[in-house]
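The structure appears right after this line, and notes come after that.
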Amino acid sequence: MNPVEAWYYKDKKLLDILMDIDKKGLSEEESAREAFYLVSEMYGLPKFIGDVDYEDDWEDEEPRSVFEEIAMVRFLFPDDLPRGIVMLALHNVYSKVGIPFDEVATEYYGSHDDIPASYFVYFFGNDVDATLKLDIGEQSWIEAGAVLMKKVMKTSYE
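Counted from 1, the sequence shown has number 126 at position 130 by the working numbering; the numbering is strictly sequential.
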């Protein structure tokens, strides 16, 4: 059983919410959007960047919003269904173990050795349609048409 399944089978309130969403007969995208808002509210998870509490103690990454984590998950698993992407993002933010930026950068650049010392991550979208783009040039997030930009430093492995 994967960690997301274990989470919702262990938590009756979460399972009830997901079952209620399923009963509505929504499309995959609508079902993902319902889960995004309802589960974020239930657990008090930061949906968007303005909701993030940077004093929050995460395992290895800086705290991030569900929106950002959706973009990270979607980048790594582009063929997954929207609700699966959202549920993994919700689980990661709930568990405070976000996907490392270097994992996304390794996928983008081809290997960890090819990741630049610093790079920019641009986030696009509104909620469950979150996507991202990496770039080494510093273009303002407004010029890029993004809703958020972060400068990331490569993690060195010793």
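All residues carry an ideal CB built from backbone N, CA and C; glycine is no exception.
In the structure shown, the three-state DSSP call for Y105 is helix.
Looking from the CA of M149, the closest CA among S114, I95, E64 and G46 belongs to S114. Across the structure, T127 and A67 are spaced so that their CA atoms are roughly 4 Å apart.
In the same chain as P78, and ignoring 5 residues on each side of it, the C-beta atoms closer than 7 Å to its own belong to E24, E25, A28 and V124, in chain order. The DSSP-derived three-state label of V143 is coil. Between the stretch 71 to 90 and the stretch 27 to 47 there are three or more inter-stretch CB-CB distances shorter than 8 Å, so the stretches are counted as touching. By DSSP's assignment, K129 forms a beta bridge with Y118.
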